[in-house]
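A quick write-up on the structure given underneath.
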Amino acid sequence: MLLITGVVAAAILIVAVLPVIWGMVGTFSSASAATDRSMRTDFKIVTTYAKWLGAPGTTGVSFTIWMKNIGTARMGTSEISSADVYLGRSDNFVRANLTTPYYYTPVLRSTATKWNYSIIGDLNSNSIWETGETLQVDAFFYWLPGTSQSGQPMYFQFTLPSGVSRSSEFTAI
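The sequence shown lines up with residues 3 to 175 when you count with the numbering used here.
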């Protein structure tokens with residue numbers, strides 16, 4: 003009788019505890035994989051440039067930012083295209099929209115804040131941002147006509163879908 007009670011108690015314990023243990027293992031595995039990916043993803047803003055454009059139809063600031071992949075993770079076009087770019091004056095910045103292709107001619111510039119990118123020095127010509135390669139971000143921040151932004155502090159932030167982000171503050175010329 004004691005043996006049967008012990009076997010039934012063990013079976014109930016296994017049925018109740020085992021699913022919880024497997025659920026925890028899956029959660030820990032997912033969290034570990036996300037942390038590993040985040041730790042391997044690293045980039046640095048190398049240099050920035052912002053120029054005030056005040057001619058009719060071009061009112062705003064043109065940004066060019068160069069970033070170096072210093073992590074071990076490779077980032078493809080879908081990951082880069084899904085990034086969030088915030089730019090503008092330090093006290094008034096907005097999220098920019100990705101545009102393909104990015105038009106840099108005054109006639110085609112609209113009242114939209116937009117950005118695009120290219121991989122400079124794509125070592126393998128594979129359109130993947132790999133370790134040691136530079137990503138160039140070209141952006142346009144629309145600003146109200148008649149208000150010069152030359153000499154004003156500008157803000158730029160690049161955030162990958164994994165949550166890794168870098169920002170920089172600099173002056174427009």
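Built from N, CA and C at the ideal position, the CB exists for glycine as well.
Backbone secondary structure at residue i - three-state DSSP
| i | result |
| --- | --- |
| residue 26 | helix |
| residue 76 | coil |
| residue 115 | coil |
| residue 162 | coil |
| residue 108 | A caution first: residue 108 carries a pLDDT of 45, below 50, which makes its placement in the model too unreliable to give a value. |
| residue 134 | coil |
| residue 43 | coil |
| residue 12 | helix |
| residue 20 | helix |
| residue 101 | coil |
| residue 120 | strand |
| residue 125 | coil |
| residue 146 | coil |
Counted within 10 angstroms of its Cβ, other Cβ atoms place residue i as buried (16 or more) or exposed
| i | result |
| --- | --- |
| residue 135 | buried |
| residue 67 | buried |
| residue 16 | exposed |
| residue 7 | exposed |
| residue 69 | buried |
| residue 125 | exposed |
| residue 89 | buried |
| residue 184 | Residue 184 falls outside the range modelled here, since the chain spans only 3 to 175, and no answer is possible. |
| residue 114 | exposed |
Segment limits, beta strand (DSSP E) that includes residue i
| i | result |
| --- | --- |
| residue 169 | 167–173 |
| residue 93 | Run containing residue 93: none; DSSP gives neither H nor E here. |
| residue 64 | 62–71 |
Are at least three pairs of beta-carbons, each pair with one atom in the region 19–26 and one in the region 140–149, less than 8 Å apart?
No, the region 19–26 does not touch the region 140–149.
Does the region 70–77 come close enough to the region 121–139 to have 3 or more Cβ pairs within less than 8 Å?
Cβ pair count under 8 Å is three or more, so yes.
Below 8 Å, can you find three or more Cβ-Cβ pairs linking the region 116–123 to the region 42–53?
Output reads no: the region 42–53 does not touch the region 116–123.
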